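To start, the structure under review is shown below, and the notes come after it.
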Amino acid sequence: MSAPLIVLVGPMGSGKSTVGALLAEQLGVAYRDTNADIVASEGREISDLFVEEGEPYFRELERAAVRNAVATHTGVLSLGGGAVLDDASRELLAGLPVVYLSMEVEEAVRRVGLNQARPLLAVNPRKQWRELMDARRHLYTEVARVVVATDERTPEEVAEAVLDAL
Ligand code: S3P
172 MSAPLIVLVG PMGSGKSTVG ALLAEQLGVA YRDTNADIVA SEGREISDLF VEEGEPYFRE
232 LERAAVRNAV ATHTGVLSLG GGAVLDDASR ELLAGLPVVY LSMEVEEAVR RVGLNQARPL
292 LAVNPRKQWR ELMDARRHLY TEVARVVVAT DERTPEEVAE AVLDAL
């Protein structure tokens with residue numbers, strides 16, 4: 172049975188895509204990202220899917236994308252920041268080498284802030300970040316084998332910390 176070598180979870184802006192691509196390059200394996208899979212299969216940006224179809228529709232697509240990627244991908248895999256909200260997806264991650272890229276709220280506000288392309292943060296980013304982290308922190312922790320803090324670290328430093336931690 173094939174399984175991902177490394178699965179990255181964590182909030183938007185924690186560096187999953189950048190660190191994931193770096194790790195894949197360093198390990199000489201393929202990189203995959205469930206958001207990119209959804210954009211490719213739907214032919215629309217994630218922000219357009221949220222606006223035009225609503226969040227529940229996106230979450231259905233995300234659940235299917237996670238199931239498919241976990242079953243078929245053998246390299247480094249990044250999941251969208253909200254993928255861990257889904258019970259079935261969290262169950263699928265059990266036993267896999269999942270790394271939680273953590274980030275403090277203030278770092279998130281600095282890095283992502285008010286970002287129209289990220290539909291969950293359209294207004295009052297600090298309050299929304301706090302709520303989002305409070306709602307999800309325990310879910311990231313639940314699925315993670317290791318936690319790597321990304322605050323004030325470059326993607327290269329985070330990638331090195333991930334390899335050290337696994
Ligand atoms: C989301 C995170 C985004 C994307 C969508 C929803 C979330 O992915 O899936 O905008 O709920 O946190 P990234 O974490 O890769 O930005």
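All residue numbers for the sequence shown refer to the working numbering, where the first residue is 172 and numbers rise by one. Just so it is clear, CB atoms sit at the ideal spot from N, CA and C, and this is done for glycine as well. Note that the structure is a prediction, hence the values are computed from the model and not measured.
Buried or exposed: where does P227 fall if 16 or more other Cβ atoms within 10 Å of its Cβ makes it buried?
-> exposed
For the putative contact between L193 and E327, defined by C-beta atoms under 8 Å, what is the C-beta separation to the nearest angstrom?
-> Contact annotation, L193 with E327: C-beta distance approximately 7 Å; criterion of less than 8 Å satisfied.
In chain order, what residues of the same chain lie with their CB nearer than 6 Å to the CB of G253, ignoring the 5 residues before and after it?
-> none
Where does L179 fall in DSSP's three states?
-> In the structure shown, L179 adopts extended strand secondary structure according to DSSP, grouped into three states.
To which residues does DSSP link R203 through a beta bridge?
-> L248
Are the CB atoms of V247 and L263 nearer to each other than 8 Å?
-> no
For S260, count neighbouring Cβ atoms within 10 angstroms of its own Cβ and tell me buried if that reaches 16, exposed if not.
-> buried
Under a three-way DSSP split, which group does S212 fall into?
-> In the three-state DSSP reduction, S212 falls in the helix class (H, G or I).
For V270, which three-state DSSP category applies?
-> strand
Is any heavy atom in the ligand FAD found nearer than 7 Å to the beta carbon of N206?
-> The model depicted lacks the ligand FAD and carries the ligand S3P instead.
Label N206 either buried or exposed according to how many other C-beta atoms from any shown protein chain fall within 10 Å of its C-beta, with 16 as the threshold for buried.
-> buried
For V283, the three-state DSSP class (helix, strand or coil) | coil
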